[in-house]
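S.K.: Counting the sequence shown from 1 gives a position; the working numbering is that position plus 790.
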Amino acid sequence: MPPPPEGHHPVEGIAGSELRRDVSVWGSYMWGYAAVGADIYTALGIITLAALGLAPLAFLAAGIVFALVGLCYAELASAYPLAGGGQYFTLRGLGDLSGLVAGAALVLDYTIDISLFTVVAFGYFNYFLPWITFGHHITDFTVTLGPIHLVWLWLVESVAGIVILIWLNVRGIKVSTNFNEIIGTIAIAAQTIIVLAGFVLVWDPGLVAHQILFHQPSLSEFAFGSSLAIIAFVGLETISQVA
């Protein structure tokens, strides 16, 4: 694809088939928060398992990388203010084939994310299942098919969650954004309460110092934990596609 002529701003070349951004600033923030928050919920345990007492430093290192990548996205998004994200940036910079490969990779990534996050989300929900089903745990809803032990209730929950997500996306970006804003606001309020309660009720500086001093990972374990933490900080791609 030839570069735009000198003095030509990319916005002027937007074709009718290209999607303009149609989400507010708050909606864009909530899209990013939903993506980043989901990954942190999913990856927090394995990051802590890998980085041990230095898990906060692993998140700090990942946050610095995330900030630098965010600056790159900010520059590209201002240059090409279209709802295309990394696929469109690759298309403009490297051509049609590279853009196709990037877009296909993103589709695969989002397909995996939908499945993973839905399963994990209902995994959190199923923790409270005994209080709803009068003492039954999620493992009580299992059928055995040869070597496979299928937790059928968890499967039904996950499929139902995916169907709801599909319905929200079919309804349109504004409906999805409104849903994100409602759920995101509730999540932010809940996390704020949990953090404040943690500092007031169970914060122990001595325990933190003990973990840092006596539960240090090896260099390879810390690098592994940091790489997992970097993966946890996604969401920039989501913002660039919808904002």
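Note that CB positions come from ideal geometry on N, CA and C, so glycine has one too.
State buried or exposed for P995, treating a residue as buried only when at least 16 other CB atoms are found within 10 Å of its CB.
M.R.: Flag for P995 reads exposed.
S.K.: Do you know how far the Cα of I963 is from the Cα of S814?
M.R.: So the two alpha carbons sit approximately 11 Å from each other.
S.K.: Do S966 and A867 count as a contact pair if the criterion is CB distance below 7 Å?
M.R.: Against a cut-off of 7 Å, the Cβ pair of S966 and A867 comes out as no contact.
S.K.: Please classify A979 as buried or exposed, where buried requires at least 16 other C-beta atoms within 10 Å of its C-beta.
M.R.: Exposed is the call here.
S.K.: What residue range is occupied by the uninterrupted alpha helix (DSSP H) comprising L935?
M.R.: Note, L935: premise wrong, no alpha helix (DSSP H); beta strand (DSSP E) at 932-935.
S.K.: Would you kindly work out how many angstroms separate the C-alpha atoms of E947 and V953, rounded to a whole number?
M.R.: Roughly 10 Å separates the two Cα atoms.
S.K.: With A857 and F1012 assumed to form a contact (beta carbons below 8 Å), what rounded beta-carbon distance in angstroms separates them?
M.R.: Their Cβ separation, rounded to whole angstroms, is 20 Å, which puts A857 and F1012 out of contact at 8 Å.
S.K.: For N916, collect the residues of the same chain with a Cβ closer than 7 Å to its Cβ; drop the 5 residues on either side in sequence, then sort them by chain order.
M.R.: Correct list, in chain order: I928, W944.
S.K.: Can you tell me whether G835 is buried or exposed, with buried defined as 16 or more other CB within 10 angstroms of its CB?
M.R.: Exposed, because fewer than 16 other Cβ atoms sit within 10 Å of the Cβ of G835.
S.K.: Let me make sure I understand the geometry here. Which of P920, Q1006, A851, V998 has the alpha-carbon closest to that of S1018?
M.R.: First, the amino acid is wrong: residue 1018 is Leu here, not Ser. Of the listed residues, the one whose Cα sits closest to L1018 is A851.
S.K.: Under 8 Å by Cβ, that's how I've got I1021 and A833 pegged, so tell me the actual separation to the nearest angstrom.
M.R.: That pair is a contact at about 7 Å.
S.K.: For V965, does the three-state DSSP call read helix, strand or coil?
M.R.: Helix.
S.K.: Is there contact here, the segment 879-894 with the segment 920-935, by at least three beta-carbon pairs under 8 Å?
M.R.: Result no; under three Cβ-Cβ pairs closer than 8 Å.
S.K.: Note down the Cα distance separating G843 from E1027, rounded to an integer number of angstroms.
M.R.: Cα to Cα, the separation comes out at about 30 Å.
S.K.: With DSSP as the reference, label V897 as helix, strand or coil.
M.R.: Of the three classes helix, strand and coil, the one that applies to V897 here is helix, per DSSP.
S.K.: Expressed to the nearest angstrom, what Euclidean distance is found between the alpha-carbon atoms of S1008 and V998?
M.R.: Rounded to whole angstroms, S1008 to V998 spans 18 Å at the Cα level.
S.K.: Could you give the DSSP three-state label for H1000: helix, strand or coil?
M.R.: Looking at H1000 - three-state DSSP - the assignment turns out to be helix.
S.K.: Using a Cβ-Cβ cut-off of 8 Å (strictly less than) and excluding sequence neighbours within five positions of I1002, which residues of its own chain qualify?
M.R.: Same-chain partners within the cutoff: G843, L844.
S.K.: Less than 7 Å between the C-beta atoms of I837 and G988, yes or no?
M.R.: Against a cut-off of 7 Å, the Cβ pair of G988 and I837 comes out as no contact.
S.K.: So what's V992 in DSSP terms, helix, strand or just coil?
M.R.: Of the three classes helix, strand and coil, the one that applies to V992 here is coil, per DSSP.
S.K.: For W942 versus V933, is the C-beta distance shorter than 7 Å?
M.R.: A contact, by the Cβ cut-off of 7 Å.
S.K.: With DSSP as the reference, identify every bridge partner of L940, one or two as the case may be.
M.R.: According to DSSP, L940 bridges with V933.
S.K.: State yes or no: is the C-beta of G951 within less than 7 Å of the C-beta of T908?
M.R.: Cβ atoms of G951 and T908: closer than 7 Å.
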